[in-house]
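This report refers to the structure that appears directly beneath it.
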Amino acid sequence: MTSEQPETRASDAERERVAERLREAMAEGRLDMDEFEERLGAALQARTHGELAPLVRDLPAPGTTADLVSGARSTAGSAVGSGGDAGWADRVGGGEPTSTGGFAFWSGFSRKGTWTVGRTFTGAVFQAGGEIDLREARFTDRDVVIRCVAIMGGIDVVVPPGMHVQVNGFGFMGGFDQVGGGEVDPGAPRVVVTGFALMGGVGVKRKLREADRLRLKEERKRLKLEKKAERKQL
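In terms of our numbering, the sequence shown opens at residue 792 and continues consecutively.
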């Protein structure tokens, strides 16, 4: 990345390469979970090489890590992969929506955990907040439209890595955050986030599922134990 001009636009492939280096660093114990998630989110949303470069500047160059670590890369990659989720076939198609919308006035609404999303979901807030978490959700259809209206308030849409997301909402004295690209899981839902924000905002964030967080945590523990055993043998 450093050989490119800082303001040169980054491609999806370049964002994914940086994300992969961050995953390796997480598996090696160089980054803790909070640092990994923070940097991964920034990498997926980066628009230029100048935004990507600082995320891996303090990490070793590819190919310089120990054989023990390189042998664990495929395990870590399969744990997170592009989304850490190979079970989309069991989560897409069939079933009735458990919720088709959420509204909040001077308060808040939340849809998260295991719930079923229909082809459309509408969230509206007025001087309030809303959360639409799709990481553990099931989907009646592969194509989903999330309509958000935020007036002097905010709505967060949380999606896992590997899900195809398109953001095309409009903001007036407010805005819609664009989610970064990256590799899309085969069979993953296609989600369109649209709507309107007035003196408010709609944010789309990529976060790991809790099961993937735990899997990475266990992988890091295993690597530390193996390294410790290797040092004793030496």
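Every residue gets a Cβ at the ideal spot worked out from N, C-alpha and C, and that includes glycine.
Report the CB separation of residue i from residue j in whole angstroms; it is logged as a contact under 8 angstroms.
| i | j | result |
| --- | --- | --- |
| P951 | V883 | Their Cβ separation, rounded to whole angstroms, is 13 angstroms, which puts P951 and V883 out of contact at 8 angstroms. |
| C939 | G899 | The pair is not a contact, with the Cβ atoms about 14 angstroms apart (cut-off 8 angstroms). |
| L1007 | M817 | 6 angstroms |
| V936 | V908 | Going by Cβ atoms, the distance from V936 to V908 rounds to 10 angstroms, so no, they are not a contact pair. |
| G1026 | T839 | This structure gives no information on residue 1026, because the portion of the chain shown stretches from 792 to 1025. |
Under three-state DSSP, which class holds residue i?
| i | result |
| --- | --- |
| A979 | coil |
| E922 | strand |
| G832 | helix |
| D823 | coil |
| G962 | strand |
| L989 | strand |
| R938 | strand |
| K996 | strand |
| A844 | helix |
| D947 | strand |
| R838 | coil |
| F928 | For clarity, residue 928 is Ala in the given sequence; the question names Phe instead. In the structure shown, A928 sits in coil (DSSP, three-state: anything other than H, G, I, E or B). |
| A895 | strand |
| R882 | coil |
| V1022 | It should be noted that the sequence gives Arg, not Val, for residue 1022. Looking at R1022 - three-state DSSP - the assignment turns out to be helix. |
| R814 | helix |
| R933 | coil |
| A915 | strand |
| E1009 | helix |
Just how far apart, CA to CA, sit residue i and residue j?
| i | j | result |
| --- | --- | --- |
| A915 | R1022 | 57 angstroms |
| S901 | T889 | 13 angstroms |
| K1015 | R933 | 40 angstroms |
| E922 | V956 | 16 angstroms |
| K1018 | E819 | 10 angstroms |
| L925 | V948 | 8 angstroms |
| T911 | G960 | 15 angstroms |
| A804 | L1005 | 27 angstroms |
| T756 | A1020 | Because the chain in this structure spans residues 792 to 1025, residue 756 falls outside the shown range and cannot be described. |
| V809 | R1000 | 20 angstroms |
| D825 | F896 | 32 angstroms |
| E1009 | M943 | 42 angstroms |
| M954 | R997 | 9 angstroms |
| P851 | P977 | 31 angstroms |
| G920 | F894 | 9 angstroms |
Can you tell me which of the options puts its alpha carbon nearest to the alpha carbon of residue i?
| i | options | result |
| --- | --- | --- |
| V975 | S890, E807, E927, S901 | E807 |
| A941 | G909, R902, G832, G962 | G962 |
| G892 | G886, I946, R1013, A880 | I946 |
| V958 | V982, L989, G944, M943 | V982 |
| V993 | A837, F967, P977 | F967 |
| Q918 | K998, M990, M964, L835 | M990 |
| R812 | R830, E798, R1013 | R830 |
| G832 | R821, D849, R848, R814 | R814 |
| A844 | G878, W879, R800 | R800 |
| G841 | R821, S802, E828 | S802 |
| V995 | L835, E798, L822 | L835 |
Taking 9 angstroms as the CB-CB cut-off, is residue i touching chain C?
| i | result |
| --- | --- |
| H840 | Reference to chain C is not applicable here, since this structure consists of a single protein chain. |
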